[in-house]
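Participant: Under the working numbering, read the sequence shown as residues 3 to 246, first letter to last.
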Amino acid sequence: MHHKDKNTSANAFTLAEVLITLGIIGVVAALTIPSLVANHQEKATVSQLKKAYSTLSNALVLAMNEHGTVDQWELTASGTGSDVTGAANFYEKISPYLVILNDCKNKGGCFYDGYYKTLGTKKEQFAGTASNFYTFTLTDGTAIAIWAAQPATCTNNASASCAVLFVDINGKKKPNTTGRDGFWFRVRNNRIVPYGTTDEEFQSCAYIDGTYPSRNCTAWVLYNENLDYMHCKGLSWDGKKKCK
3 MHHKDKNTSA NAFTLAEVLI TLGIIGVVAA LTIPSLVANH QEKATVSQLK
53 KAYSTLSNAL VLAMNEHGTV DQWELTASGT GSDVTGAANF YEKISPYLVI
103 LNDCKNKGGC FYDGYYKTLG TKKEQFAGTA SNFYTFTLTD GTAIAIWAAQ
153 PATCTNNASA SCAVLFVDIN GKKKPNTTGR DGFWFRVRNN RIVPYGTTDE
203 EFQSCAYIDG TYPSRNCTAW VLYNENLDYM HCKGLSWDGK KKCK
């Protein structure tokens, strides 16, 4: 003979209660999971950009040990045409110290083919098919474009550039947006520096459409380790460095 547990009905959840609970869990998940995913993606961006910066900086140091400082590398300006002799010279010097997957020269194929987006309303002035950039990819998927500057500007001054590097940390994959997966660097005569190291430059990182919108986000990501400029205003090098 079986005896029914008197506490069973008192302790059991009804179907309606279960469905309500599951619904609440679903709503909470829908609200929190996208934020968690975005936060994870931004942390991954910081790590990938730091790796790319370290890889390129180390390659430059090794190349300078063999060939001298960059002002001795016979760089000539890339200009707006298809002559990438100077950029090719730069590539020739550093490539032995990088693990290259594809050498696309200035023929396209290493980057997203169209113009990159920005965090503002203007499009970026760089396109993956630009014939005045020397392009290549690393085995980890990073795509790099080189634009050589005038030899006269190849010094160690704060505003000088021997060359400019555009780095897409995930190659052709989306979002193909400056400040999200595309980042700019200047090459001085003895080091590589990120765009946007001052407050004046950083103010054109996001929310403001300057001449080169979103180009000046690179230093912020490297040194403050976040992409919070995409989420709030009022950030600065001397003040607030996170949204929360």
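We put the beta carbon where it would ideally sit given N, CA and C, even for glycine.
1) Using the rule of at least 16 other Cβ atoms within 10 Å of the residue's Cβ for burial, across every protein chain shown, is residue 18 buried or exposed?
2) If you drop the 5 nearest sequence neighbours on each side, which residues of the same chain put their C-beta closer than 6 Å to that of residue 187?
3) Kindly confirm or deny that the segment 110-127 and the segment 91-99 touch, where touching means at least three C-beta pairs closer than 8 Å.
4) When you compare the segment 71-79 with the segment 225-239, are there three or more beta-carbon pairs, one atom per stretch, that lie closer than 8 Å?
5) Of the choices 200, 180, 135, 111, whose alpha-carbon is the least far from that of residue 84?
6) Whose CA, out of 115, 148, 22, lies closest to the CA of residue 177?
7) Would you say residue 228 and residue 190 are within 8 Å of each other, going by their C-beta atoms?
8) Residue 104 lies in the beta strand (DSSP E); which residues open and close that run?
9) If you compare alpha carbons, which of 192, 163, 104, 233 is closest to residue 173?
10) How many Å lie between residue 42 and residue 224 at the Cα?
11) Could you spell out the range, first to last residue, of the alpha helix (DSSP H) harbouring residue 222?
12) Residue 60: which of 101, 207, 14 sits nearest, CA to CA?
Facilitator: Short version:
1) Around the beta carbon of residue 18, fewer than 16 other beta carbons lie within 10 angstroms, which makes this residue exposed.
2) 167, 194, 196
3) no
4) no
5) 135
6) With distances taken between Cα atoms, residue 177 lies closest to 115.
7) no
8) It spans 102-107 - the beta strand (DSSP E) in which residue 104 sits, taken as one unbroken run.
9) 104
10) Taking the straight line from one Cα to the other gives about 16 Å.
11) First-last of the alpha helix (DSSP H) with residue 222: 220-226.
12) 101
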